[in-house]
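S.K.: For reference, the structure I am asking about is given below.
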């Protein structure tokens, strides 16, 4: 019996929606998930570990990777490059590991073009007020930056139709339960492609 | 905002696989599910309640319903008619209720022809030995009948490819978790048909 291919789960949504917290909690619930480590051109912070938090490369090397089409997605944000290697996704799914990417909407749309069979999960805020409250509460943005993020969120919400699942993050525990349910159910899905070569009931 | 349509969940699999127990436990976990009540031509047992356990009709009426194409599926088993009314499914989903049908493989395949968008969940035994053990253990069949059921199970397993999900019922709690996850995740699914008229994030 050939090995089952791993799934690619893409968790995405506007800034401030709580996708980071959800992703962290998800890994506690389902520990055999693999986290997709990004490549960045920024310098590592003191606590950050190479290969765990990021793969740290210099700008020159990052640009070389872009030219060589090594990225599944990449972006230049505030002068720093950040991206996901195609290899990270391919190696993981080939080995039968389920990979989780936590990424903004633009990045998710790049991934979708290359991996249309991925499972795309949109995390939405319960209301604009709640999103604004959360962004203000984390105090990482000034007023101007905050308004920019809210405007971006408005635009990003339009992409929900390109996703497979929608989770409204009203209560963390409920949202977490839904997120875990999506992972568990996808693992029970019968893939028509794989049935021939990998009949899950072939050995009973 | 128009109301979300209800889902149709079809729980199916060979006799003795434990789908009845799973379905009962599922209703305890997710109480807002609706159970699809079948029509039968057999006489009610003492404890059975009309409209809760079954809709009891006489054979003549059952045959009239068949002629009038009122059934989503029906079968004649040991001289007794049993079936699911189209109306039961349509009314439920129109009202935005998620309906659960627990049914054998033949019945499920009839339902699939009429409701291809339903969610079809196949419950499989972990092994033939385990299935035989369970069938023997419930002591409702004689040896000949038991062999017949096992042969039927072999044939029924071939239909797994027509289903959306597969649950191997090895441990009840794990199987139940997977079944509940399928229901929860289906409720988070973004329906492309419904997005236009029923945008789930239209009001935020």
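Chains as they are written, first to last, in the numbering used here: chain A, 304 to 507; chain B, 304 to 507.
Heads up, the beta-carbon is just placed ideally off N, CA and C, and yes, glycines get one too.
How many angstroms separate the CA atom of residue 399(B) from the CA atom of residue 345(A)?
M.R.: Position 96 of the second chain, counted from the start, is the residue given in the question as residue 399(B). Position 42 of the first chain, counted from the start, is the residue given in the question as residue 345(A). Distance between the alpha carbons of residue 399(B) and residue 345(A): 50 Å.
S.K.: Counting only C-beta atoms, is residue 484(A) closer than 8 Å to chain B at any point?
M.R.: As a working mapping, residue 484(A) is identified with position 181 in the first chain. Closer than 8 Å to some Cβ of chain B, the Cβ of residue 484(A) qualifies, so yes.
S.K.: Would a C-beta distance cut-off of 8 Å place residue 375(A) and residue 389(A) closer than the cut-off?
M.R.: Indexing the first chain from 1 puts residue 375(A) at position 72. Indexing the first chain from 1 puts residue 389(A) at position 86. Going by C-beta atoms, residue 375(A) is nearer than 8 Å to residue 389(A).
S.K.: Could you tell me which uninterrupted alpha helix (DSSP H) segments, each at least 4 residues in length, are contained entirely in the stretch 361 to 445 of chain A, listed from first to last along the chain?
M.R.: Fully enclosed alpha helix (DSSP H) runs of 4 or longer: 362 to 370, 389 to 397, 408 to 417, 431 to 441.
S.K.: For residue 353(A), name the three-state secondary structure that DSSP assigns.
M.R.: For this step, residue 353(A) is matched to residue 50 along the first chain. Strand at residue 353(A).
S.K.: If the cut-off is 9 Å on Cβ atoms, which residues from the stretch 403 to 415 of chain B count as contacting chain A, listed in chain order?
M.R.: Listed by position along the chain: nothing, the set is empty.
S.K.: Leaving out the 5 sequence neighbours to the left and right, which residues in its chain are closer than 6 Å to residue 313(A) when beta-carbon positions are compared?
M.R.: Along the first chain, read from residue 1 onward, the residue named residue 313(A) stands at position 10. For residue 313(A), where only same-chain residues beyond five positions count, the Cβ hits under 6 Å are 404, 411, 414, 421, 423.
S.K.: Is the beta carbon of residue 467(A) closer than 8 Å to that of residue 427(A)?
M.R.: By one-based count along the first chain, residue 427(A) stands at place 124. By one-based count along the first chain, residue 467(A) stands at place 164. Not a contact, by the Cβ cut-off of 8 Å.
S.K.: Say whether chain B places a C-beta atom closer than 8 Å to the C-beta of residue 488(A).
M.R.: Working through the first chain from its first residue, we reach residue 488(A) at position 185. Chain B contact via Cβ: present.
S.K.: Please say whether residue 438(B) and residue 323(B) have beta carbons closer to each other than 8 Å?
M.R.: As a position in the second chain, residue 323(B) is number 20, starting the count at 1. As a position in the second chain, residue 438(B) is number 135, starting the count at 1. Contact flag unset, no.
S.K.: Return the chain-ordered list of same chain residues with a C-beta closer than 8 Å to the C-beta of residue 578(B), the five sequence neighbours on each side being excluded.
M.R.: With chain B running from 304 to 507 in the structure shown, residue 578(B) is simply not present.
S.K.: With a 10 Å radius around its C-beta and 16 neighbouring C-beta atoms as the bar for buried, classify residue 317(B) as buried or exposed.
M.R.: Start at 1 with the first residue of the second chain, and residue 317(B) comes out as number 14. It is buried - the Cβ of residue 317(B) has at least 16 other Cβ atoms within 10 Å.
S.K.: Is there a Cβ of chain B sitting closer than 8 Å to that of residue 418(A), yes or no?
M.R.: As a first step, residue 418(A) must be located in the first chain, where it is residue number 115. No, no contact with chain B.
S.K.: Can you tell me where the alpha helix (DSSP H) with residue 485(B) in it begins and where it stops?
M.R.: For the purposes of this step, residue 485(B) is taken as the residue at position 182 of the second chain. 475 to 491 is the extent of the alpha helix (DSSP H) around residue 485(B).
S.K.: Compare the C-alpha of residue 453(A) against each of 469(A), 465(A), 430(A), 470(A) and name the closest.
M.R.: On the first chain, position 150 is the one that residue 453(A) refers to. The residue with the shortest Cα to Cα distance from residue 453(A) is 430(A).
S.K.: Closest Cβ-Cβ distance between residue 466(B) and chain A: below 8 Å?
M.R.: The residue given as residue 466(B) occupies position 163 in the second chain. Chain A contact via Cβ: present.
S.K.: So what does DSSP say about residue 466(B), is it helix, strand or coil?
M.R.: For this step, residue 466(B) is matched to residue 163 along the second chain. Note: residue 466(B) maps to coil in three-state DSSP.
S.K.: How many angstroms separate the CA atom of residue 329(B) from the CA atom of residue 479(B)?
M.R.: Taking the second chain and counting its residues from 1, the one referred to as residue 329(B) is at position 26. Taking the second chain and counting its residues from 1, the one referred to as residue 479(B) is at position 176. If I take the Cα positions, the gap works out to 7 Å.
S.K.: Taking C-beta pairs closer than 7 Å, name the residues in chain A that residue 470(B) reaches, listed in chain order.
M.R.: Within the second chain, numbered from 1, the residue matching residue 470(B) stands at position 167. 491, listed in chain order.
S.K.: Anything in the stretch 372 to 392 of chain A with a Cβ closer than 7 Å to a Cβ of chain B? List those residues in chain order, please.
M.R.: Cβ contacts with chain B: none found.
S.K.: How big is the Cα-Cα spacing for residue 310(A) and residue 370(B)?
M.R.: Indexing the first chain from 1 puts residue 310(A) at position 7. Indexing the second chain from 1 puts residue 370(B) at position 67. Cα to Cα, the separation comes out at about 47 Å.
S.K.: Residue 484(B) and residue 484(A): beta carbons closer than 8 Å?
M.R.: Along the second chain, read from residue 1 onward, the residue named residue 484(B) stands at position 181. Along the first chain, read from residue 1 onward, the residue named residue 484(A) stands at position 181. Contact flag set, yes.
S.K.: Identify whether residue 500(B) lies in helix, strand or coil by the three-state DSSP scheme.
M.R.: On the second chain, position 197 is the one that residue 500(B) refers to. Caution is warranted here: a pLDDT of 43 is assigned to residue 500(B), below 50, making its placement in the model unreliable, and the coordinate value is therefore given only provisionally. Of the three classes helix, strand and coil, the one that applies to residue 500(B) here is helix, per DSSP.
S.K.: Does residue 331(A) have its Cβ less than 8 Å from a Cβ in chain B?
M.R.: Here residue 331(A) refers to the residue found at position 28 when the first chain is read from its first residue. No, residue 331(A) does not count as interfacial toward chain B.
S.K.: Could you tell me which chain B residues have their CB closer than 9 Å to the CB of residue 481(A), listed as they occur along the chain?
M.R.: In the first chain, residue 481(A) corresponds to position 178, counting from 1. Within chain B, the residues near residue 481(A) are 487, 488, 490, 491.
S.K.: Taking only three categories from DSSP, how would you classify residue 508(A)?
M.R.: Only positions 304 to 507 of chain A appear in the structure, and residue 508(A) is not among them; the question remains open.
S.K.: Going by DSSP, which residues form a beta bridge with residue 308(A)?
M.R.: Walking along the first chain from the start, residue 308(A) turns up at place 5. Residue 308(A) pairs with nothing; no bridge assigned.
S.K.: Roughly how many angstroms separate the alpha carbons of residue 491(A) and residue 337(A), rounded to a whole number?
M.R.: Against the first chain, residue 491(A) aligns to sequence position 188. Against the first chain, residue 337(A) aligns to sequence position 34. Going from the Cα of residue 491(A) to the Cα of residue 337(A) covers about 18 Å.
S.K.: Measure the C-alpha to C-alpha separation of residue 339(A) and residue 392(A) and round it to an integer number of angstroms.
M.R.: The residue labelled residue 339(A) in the question sits at position 36 within the first chain. The residue labelled residue 392(A) in the question sits at position 89 within the first chain. If I take the Cα positions, the gap works out to 7 Å.
S.K.: Taking all protein chains shown into account, do 16 or more other C-beta atoms lie within 10 angstroms of the C-beta of residue 505(B), making it buried, or fewer, making it exposed?
M.R.: In the second chain, counting from the first residue as 1, residue 505(B) sits at position 202. For residue 505(B), the predicted model reports a pLDDT of 46, less than 50, meaning its position is unreliable; a value from the coordinates is still stated below. Per the 10 Å Cβ criterion, exposed.
S.K.: May I ask which residues mark the beginning and end of the alpha helix (DSSP H) holding residue 323(A)?
M.R.: Mapped onto the first chain, residue 323(A) falls at position 20. Counting along the chain, the alpha helix (DSSP H) containing residue 323(A) begins and ends at 322 to 332.
S.K.: Using only alpha-carbon positions, find the residue among 425(A), 348(A), 334(A), 449(A) that is nearest to residue 464(A).
M.R.: In the first chain, the residue the question calls residue 464(A) occupies position 161. The residue with the shortest Cα to Cα distance from residue 464(A) is 425(A).
S.K.: Leaving out five residues before and five after residue 495(A) in sequence, what residues of the same chain have Cβ atoms less than 8 Å from its Cβ?
M.R.: Here residue 495(A) corresponds to residue number 192 of the first chain, with the count starting at 1. Here the set comprises nothing.
S.K.: To the nearest angstrom, how far is the alpha carbon of residue 445(A) from that of residue 451(A)?
M.R.: Position 142 of the first chain, counted from the first residue, corresponds to residue 445(A). Position 148 of the first chain, counted from the first residue, corresponds to residue 451(A). Rounded to whole angstroms, residue 445(A) to residue 451(A) spans 10 Å at the Cα level.
S.K.: Please work out which residues of its chain come closer than 8 Å, Cβ to Cβ, to residue 341(A), disregarding the five sequence neighbours upstream and downstream, and give them in chain order.
M.R.: By one-based count along the first chain, residue 341(A) stands at place 38. 357, 358, 385, 386, 387.
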